[in-house]
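Chemist:
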Amino acid sequence: MKLKHTINFIKKHTVAVFVKVEKEQLKVCSFNEEYIKLFNSLVKDKYYNTSTPFAFAFASNTRVIYITYKEVKNYMYETWKNAGASLVKIMKDLHIDDIEVDMAELFAEIASEESYIQFCLGILLSSYSFDNYLGNKRLKEQSNIKNILLVSEHKKDTENAISKANQIASSIFWARDMVNEPSNVINSLTFVDRAKKQAESRKITTTVLTEKELKTLGMNGILGVNAGSKNPPRVFIAQYKKAKAKKHILLVGKGITFDTGGMVLKPSTSMLGMKDDMAGAAAVCGALFLISDMNLEANVTVICPLTDNKTGSAAINPGDILKMYNGVTVEVVNTDAEGRLILADALAYGIKKYNPDFVIDIATLTGACSIALGKHASGLLSNDEALSAALKEAGNDTYERVWELPMFDEYKEDIRSDIADIKNSGGRYAGVITAAQFLSYFTEGARWAHLDIAGTDMSDVNVKYISKGATGVGVYLLAKTVEKLVDIDKF
1 MKLKHTINFI
11 KKHTVAVFVK
21 VEKEQLKVCS
31 FNEEYIKLFN
41 SLVKDKYYNT
51 STPFAFAFAS
61 NTRVIYITYK
71 EVKNYMYETW
81 KNAGASLVKI
91 MKDLHIDDIE
101 VDMAELFAEI
111 ASEESYIQFC
121 LGILLSSYSF
131 DNYLGNKRLK
141 EQSNIKNILL
151 VSEHKKDTEN
161 AISKANQIAS
171 SIFWARDMVN
181 EPSNVINSLT
191 FVDRAKKQAE
201 SRKITTTVLT
211 EKELKTLGMN
221 GILGVNAGSK
231 NPPRVFIAQY
241 KKAKAKKHIL
251 LVGKGITFDT
261 GGMVLKPSTS
271 MLGMKDDMAG
281 AAAVCGALFL
291 ISDMNLEANV
301 TVICPLTDNK
311 TGSAAINPGD
321 ILKMYNGVTV
331 EVVNTDAEGR
341 LILADALAYG
351 IKKYNPDFVI
361 DIATLTGACS
371 IALGKHASGL
381 LSNDEALSAA
391 LKEAGNDTYE
401 RVWELPMFDE
411 YKEDIRSDIA
421 DIKNSGGRYA
431 GVITAAQFLS
441 YFTEGARWAH
451 LDIAGTDMSD
461 VNVKYISKGA
471 TGVGVYLLAK
481 TVEKLVDIDK
491 F
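Residue numbers for the sequence shown, in this note's numbering: 1 to 491.
Shown next, in the form of structure tokens:
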């Protein structure tokens, strides 16, 4: 699909006109008298009211579709993203290949550059589909939108909005693709290959730690989780640097390419879909690519610990003890609480080596988070109020909202071990919090935040601009957070 600008109507295609619903009133967003007259006749004849998603009529041999949009209270950017998504949904439903969008009056309604970008982003995100493995017959059944033309005299503004929306969408699509790929395609090695290719195309420097180097460094959390796998572990590191940057942000993403639960084996119903357990790693890489495309004035380092969690003959067992990179000893009471083991080594290593100003990790870490917050918010836990504030603001701007949970010291008692410094699971209570408290032993001295995306990384249905499957959550959120953290005075 191509999203493009044009100054004049071609009128060989269907024309889309947006209709604003506000306080049970309808406002057609067009200066075209014929389109306004047509719309009024639809309302008069009761074909259109405030609850009608769309309707169409014909004007001078051109089909005109009127598309409703409503304000999302307190989230203006989401209003416009949803409007763009509505356009694409209707095109899919009506099998429309090409459309021209009347932007003249709508441009005035949009009012700001950022809102215009969000409108374009809603269009682009809604066009996503993961069809790499569909046969020709199934591909023919897919929607085939070719061109969406934004008709506006504001050439520079429109082309700028399209360009910036494309930057955001392409990085989100990369992350979605990585998570949607099956685990027989994406493993520790192929993840590195794909991430390196994207990074190097942007002149982002990369480093890969091999199994031998991990042993030398004493990263036994990663090595322990990997012990049952035929695929070797890797730690992928990518660095984006700006000469005048005053802030250095470390982003760490969990990269479990498939999670069986290890020796504490998951039931079959829970194991299906565990290819998504590397969504955190995909998110931090996608965010870094977007940060580079946005040319942000920050130094950003990404670390992705990568392995799967399998049940091979050498796999770690419940009761085993691991000595981590920073010297903390961990009793493994649950091999299905493996994500925090690989994150712990990566966090401790990254903080010691790079001495960042801020640290954010992101992971599909606990089923407890999806139970607590569902599909509409990611869990946030942090030791720094300013960093939490930046993430919350960015979450509201991107509609990748976060909800903060407490980090009271008392929760550390739940992960105290009798035979090691700590254990890797605190049991059934406060699972999101005790997982974060576990990570806190590896982030001492750093301004740190933890994001649990276990409920938000996948969607069971097509809704608005989210397709069924991977959502790409975290990409836009982290890039926007870094943009805010660049504000030295505020943070």
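Where a beta carbon is used, it is the ideal one built from N, C-alpha and C, also for glycine.
1) Would you give the residue range spanned by the beta strand (DSSP E) that ASP308 belongs to?
2) Does the pairing of the segment 203-213 with the segment 235-252 give three or more beta-carbon distances under 8 Å?
3) What would DSSP say about TYR465, mapped onto helix, strand or coil?
4) Helix, strand or coil for ARG428? Go by DSSP, reduced to three states.
5) Excluding the 5 residues flanking ASN226 on each side, which residues of the same chain have their C-beta closer than 6 Å to its C-beta?
6) Any contact between the segment 441-450 and the segment 268-281? By contact I mean 3 or more CB pairs, one from each, below 8 Å.
7) Quick check for students: name the residue ranges of the beta strand (DSSP E) that lie wholly in the segment 98-128, counting only runs of 3 or more.
8) Whose CA, out of LEU341, TYR325 and ASN187, lies closest to the CA of PHE258?
9) How about ALA430: is its C-beta nearer than 7 Å to some C-beta of chain D?
10) By a C-beta neighbour count over all protein chains shown, 10 Å radius and 16 as the cutoff for buried, is ASP277 buried or exposed?
11) For VAL475 and LEU290, which I take to be in contact (beta-carbon distance under 8 Å), what is that distance rounded to the nearest angstrom?
12) Would you mind listing the beta strand (DSSP E) stretches within the segment 408-461 that are 3+ residues and don't spill past its ends, in chain order?
13) On the three-state DSSP scale, how would you describe PHE9?
14) Within 8 Å, do at least three Cβ pairs link the segment 413-429 to the segment 324-336?
15) In three-state DSSP terms, what is VAL15?
16) Is it buried or exposed for SER30, if we count other Cβ within 10 angstroms and need 16 for buried?
17) DSSP on LEU250, reduced to helix/strand/coil?
18) Comparing alpha-carbon positions, which option in ALA389, ASP131 and SER60 lies nearest THR14?
19) If you count every other CB in all the chains shown that lies within 10 Å of the CB of LEU265, and 16 or more means buried, which is it?
20) Helix, strand or coil: which one does DSSP assign to VAL473?
21) Looking only at its own chain, which residues have a Cβ that is under 6 Å from the Cβ of ALA287, when we skip the five neighbours before and after it?
22) Output yes or no for whether 7 Å exceeds the beta carbon distance between ILE362 and GLY255.
23) In the structure shown, what three-state DSSP assignment does TYR240 receive?
Modeler: In terms of the structure at hand:
1) 299-309
2) yes
3) coil
4) coil
5) PRO233 and THR307
6) no
7) 98-102
8) ASN187
9) Of the protein chains in this structure there is only one, and it is not chain D.
10) buried
11) 6 Å
12) 448-452
13) coil
14) yes
15) strand
16) buried
17) strand
18) SER60
19) exposed
20) coil
21) VAL475, LEU478 and ALA479
22) no
23) strand
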